[in-house]
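See below for the structure under consideration.
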Amino acid sequence: STAILWLRRDLRLDDNPALQAALVDCARLVPVYVYDPDSEAPWAPGAASRWWLHGSLSSLDQALQAFGSRLLIARGDSLAELRRIVAATGATRIHWNRLYDPTSRERDGRIKQALRADGLRVDSHNASLLFEPWEIATGTGEPYRVFTAFWRRCAARLSDVRPLPAPAVLPPPPESLDSLPLERLGLLPTIPWDAGLRETWTPGETAALEHARTFLRDRVRGYATVRDLPAQAGTSELSPHLHFGEIGPRRMIAMVKEQWDDPTADPVESFVREIGWREFAHHLIYHYPHTTDEPLDRRFAALPWREDDAERMLRAWQRGETGIPLVDAGMRQLWHTGWMHNRVRMVVASFLTKNLRLPWQAGARWFWDTLVDADLAANSLGWQWSAGCGADAAPYFRIFNPVLQGERFDKAGTYVRRWCPELARLPDKYIHQPWTAPAALLGHAGIRIGRDYPAPIVDLKASREAALAAYEVVKTAA
Ligand code: FAD
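In full-length UniProt numbering, the protein residues as written are 3 to 480.
Written out as structure tokens, the structure is:
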């Protein structure tokens with residue numbers, strides 16, 4: 003029979019259950035990608051994600067061609083396009099891997115029903131998670147809201163995790179197959195702002211597997227000690243590959259197990275736990291779909307955000323011109339590379355939501371457009387955690403001090419100097435708070451605050467107190 007493989011965020015051949023299911027008794031396989039941003043609104047892929055997607059689709063097409071197959075690319079309403087392809091190919095079956103965010107679930111459910119009504123066999127599978135969100139539940143059958151307990155339950159089952167191999171052969175695609183050229187999707191920017199992305203990343207499954215291999219061979223041992231130091235390449239930088247499904251979490255766990263008996267013991271425990279956070283984020287978005295736009299803890303919807311000067315403040319934050327070096331370095335790393343170190347993500351998010359008292363949703367939106375790993379589940383979790391209104395929240399009164407964070411995690415100022423080169427000549431003592439440096443020293447370093455580097459847009463101490471007062475309102479409202 004002829005089977006359609008509808009690819010979405012599972013852009014790989016390895017450990018792809020929908021692909022394996024499609025291959026059973028399959029004479030012709032039609033691998034399809036439908037670009038349908040309208041159906042993902044309001045979370046259609048942002049600019050950096052579109053850049054990545056282009057590279058990933060190109061890589062997948064090449065991999066398929068090496069098997070004598072190829073990727074059929076279409077654009078438009080997913081259901082209409084799939085129906086058109088069914089009609090053109092005489093396919094009798096369609097397989098895909100599940101997505102867990104509310105918009106995709108609603109769309110996929112609708113499409114499943116419609117295609118079944120057309121007489122097609124429709125099957126969905128799990129490629130992106132270790133465990134389905136509904137398989138992991140508390141003793142009373144409830145979803146988890148606390149990571150530690152959630153992960154304890156998952157970790158006990160890691161021995162069951164087994165990825166599927168990549169196929170050895172693929173059936174050919176139907177002969178007359180009309181594909182849109184990839185360029186026609188318009189995913190690449192027309193104004194070339196993407197040089198930093200091109201320098202930093204290689205999208206696609208081959209690069210993802212290679213990247214995972216070298217990380218596990220050379221760097222995972224040091225992960226627990228250096229993962230919080232933004233100046234070092236201490237984390238895996240696998241997030242965009244995982245988001246687009248160029249590598250799956252089951253393969254990651256299996257690769258870890260090839261080298262270490264117990265993935266939940268040192269030296270890999272802390273890295274594997276982060277894969278657990280990724281699972282937890284999907285668990286939450288599945289069970290609490292409102293958290294894409296509203297706080298999990300609904301009391302925090304009442305939080306009084308800043309009203310005056312909000313736009314100017316937001317813009318300064320976006321551009322990395324807040325006058326707080328660690329924040330600015332992070333925001334510039336994001337703009338330049340499409341990625342930001344996790345420690346710094348927490349710092350810039352705390353600064354936006356607490357010191358500037360701007361809504362976390364505004365920060366999440368900016369991340370959505372600029373991150374190559376923008377992921378609705380992880381982004382919503384990260385922002386709410388930082389704002390103190392999500393699951394497992396850092397208590398609302400924990401406000402990161404970006405100066406102390408810098409002094410602790412970027413002691414020599416290497417990260418700040420890399421992204422804020424105008425501060426490079428400041429001695430370490432002042433690199434995280436240049437406004438406190440003596441005038442003579444600033445003069446010597448060739449820096450005038452307000453001319454070469456901004457003065458802080460808020461006073462850290464006063465804004466911290468204002469945030470605590472605002473959060474107090476929520477507490478008494480509860
Ligand atoms: P590693 O430390 O090597 O971790 C390995 C993998 O585990 C990551 O690739 C990622 O898939 C997963 N992971 C790690 N930490 C988390 C976490 N806290 N939540 C969920 N998954 C995690 N991550 C995204 O993938 N997309 C986002 O849009 C995103 N937005 C964030 C927003 C904020 C405000 C914060 C504080 C965090 C956000 N994160 C997001 C989580 C985290 O910062 C990134 O996953 C991580 O920095 C990616 O780098 P890495 O691959 O080197 O991570």
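All residues carry an ideal CB built from backbone N, CA and C; glycine is no exception.
In this structure, L378 lies near T294, with their beta-carbon atoms less than 7 Å apart. Residue nearest to L336 within the set A50, D16, D27, S3 is A50 (criterion: CA-CA distance). In this structure, I459 is the residue among S178, I459, S382 with its C-alpha nearest to the C-alpha of G322.
If you measure from each CB to the nearest heavy atom of the ligand FAD, the residues under 6 Å come out as R229, T237, S238, E239, L240, S241, L244, H245, E276, I277, W279, R280, A283, N344, R347, M348, A351, F369, L373, D375, A376, D377, A380, N381, L383, G384, W385, S388. For Q234, the closest C-alpha among the options L328, I6, Y417 is that of Y417. At a cut-off of 3 residues, the continuous stretches assigned as beta strand (DSSP E) that sit fully inside the segment 122 to 195 are 123 to 127.
A82 carries a helical assignment under DSSP once its states are collapsed to helix, strand and coil. Shown here, L74 sits in a strand according to DSSP, grouped into three states.
The alpha carbon of I87 has as its nearest neighbour, out of H56, R107, I6, K413, the alpha carbon of I6.
Between the alpha carbons of Q22 and L470 lies a gap of roughly 53 Å. A Cβ-Cβ separation of about 7 Å places W53 in contact with L189 under the 8 Å criterion. Counting the other Cβ atoms within 10 Å of the Cβ of L132 gives 16 or more, which makes it buried. Cβ neighbours of T91 within its own chain (closer than 6 Å, five residues either side excluded): T4, V32, P176. The beta-carbon separation of A129 and D12, rounded to 4 Å, stays under the 8 Å limit for a contact. In the structure shown, W368 falls within a helical segment according to DSSP collapsed to helix, strand and coil. Straight-line spacing of the CA atoms in F282 and G392 works out to 12 Å. In the structure shown, T266 falls within a coil segment according to DSSP collapsed to helix, strand and coil.
Of the residues D412, A441, L25, V475, the one whose Cα lies closest to the Cα of L166 is L25. Rounded to the nearest angstrom, the gap between the Cα atoms of W262 and P269 is 9 Å. A residue is called buried when at least 16 other Cβ atoms come within 10 angstroms of its Cβ; F402 meets this threshold and is buried.
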